[in-house]
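K.L.:
Supplied in structure tokens, the structure appears directly below.
Numbering (the working numbering), first residue to last: 176 to 270.
Here it is in structure tokens:
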């Protein structure tokens, strides 16, 4: 009888352990599913932010190109003005 009682107790312990493991596995699966959804949402948000930053970068590059062009034009104007100023000084010295 003792053998049957021990065997029954062991069977009960194994059943409780299996139920506990199944419960843990179910809980962990739900946590993983929830975390996966959170990561998917974060990934989507990062893609949107990346696109916006890419557009801002392209706009900044266009602005920089325009600024460089304007600077080049200003430097050319300055050089032409300085050249005319030197010519005017030469002419005034000749008179």
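Glycine residues also receive a C-beta, built at the ideal position from the N, C-alpha and C atoms.
In three-state DSSP terms, what is residue 214?
P.N.:
Sequence index remark: in the chain shown, residue 214 carries index 39 (1-based). Correct three-state label for residue 214: helix.
K.L.:
Give the straight-line distance between the Cα atoms of residue 261 and residue 242, rounded to the nearest whole angstrom.
P.N.:
Sequence index remark: in the chain shown, residue 261 carries index 86 (1-based). Sequence index remark: in the chain shown, residue 242 carries index 67 (1-based). One alpha carbon belongs to residue 261, the other to residue 242, and they sit about 28 Å apart.
K.L.:
Indicate the three-state DSSP secondary structure (helix, strand or coil) for residue 271 in the structure shown.
P.N.:
The structure shown has nothing for residue 271, since the chain only spans 176 to 270.
K.L.:
Express the C-alpha separation of residue 217 and residue 211 in angstroms, rounding to a whole number.
P.N.:
Here residue 211 corresponds to residue number 36 of the chain shown, with the count starting at 1. Here residue 217 corresponds to residue number 42 of the chain shown, with the count starting at 1. Distance between the alpha carbons of residue 211 and residue 217: 10 Å.
K.L.:
When the Cα atoms are used, what is the spatial distance from residue 237 to residue 270?
P.N.:
On the chain shown, position 62 is the one that residue 237 refers to. On the chain shown, position 95 is the one that residue 270 refers to. Taking the straight line joining both Cα atoms gives about 50 Å.
K.L.:
Taking the C-alpha atoms as reference points, what is the distance between residue 245 and residue 252?
P.N.:
As a first step, residue 245 is located in the chain shown; it is residue number 70 there, counting from the start. As a first step, residue 252 is located in the chain shown; it is residue number 77 there, counting from the start. Approximately 10 Å between the Cα atoms of the pair.
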